[in-house]
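Numbered according to the working numbering, the sequence shown spans residues 2 to 116. Quick reminder that beta carbons are idealized off the backbone N, C-alpha and C, glycines included. Note sheet for the following structure.
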Amino acid sequence: MAQTLPGRRTLPGKRNLLAAALGVGQLLLAAPMLATLVTGGLVVAVMGLAAGASALALLPLVLLLAAGPLLGLGITALIVRGQRFPRGVGFPVVSFGLLLGTAVEYFGWIRPALG
Numbered sequence: 002m003a004q005t006l007p008g009r010r011t012l013p014g015k016r017n018l019l020a021a022a023l024g025v026g027q028l029l030l031a032a033p034m035l036a037t038l039v040t041g042g043l044v045v046a047v048m049g050l051a052a053g054a055s056a057l058a059l060l061p062l063v064l065l066l067a068a069g070p071l072l073g074l075g076i077t078a079l080i081v082r083g084q085r086f087p088r089g090v091g092f093p094v095v096s097f098g099l100l101l102g103t104a105v106e107y108f109g110w111i112r113p114a115l116g
């Protein structure tokens, strides 16, 4: 039997459009911040390699740039799996984790560095 709101019947295969729209909206909010992280990481890597640094020396910086979004995705994926959310609700929760991890890194580290 599908989980529904009280007094509301749905078919087992029907998707929750509100949850899908919420997840897509969160991904759209995270996209500009993720683009800044990716392009900033590429610029730093290319400039570091052009200055003669080894690729191994740039690895900690790449890991630091990837840590925020990956940590947000990982924690929320574990929460969704551990709490056994319905399939339609898991997507917005994981999207929120990506948005939160990216926003913390962007506003806490990248934005102040840009000035």
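Distances from the CA of R16 to each of G91, R85, T40 and V44 were compared; the closest alpha carbon is that of G91. Classified as exposed, Q84 has fewer than 16 neighbouring CB atoms from the shown chains inside 10 Å of its CB.
Within the same chain, Cβ atoms closer than 6 Å to the Cβ of T77 are found at V94, V95 and G98, the five residues on either side in sequence being excluded. Secondary structure at P93: helix, using DSSP grouped into helix, strand and coil. Per DSSP, the unbroken alpha helix (DSSP H) holding G24 starts and ends at L18 to A51.
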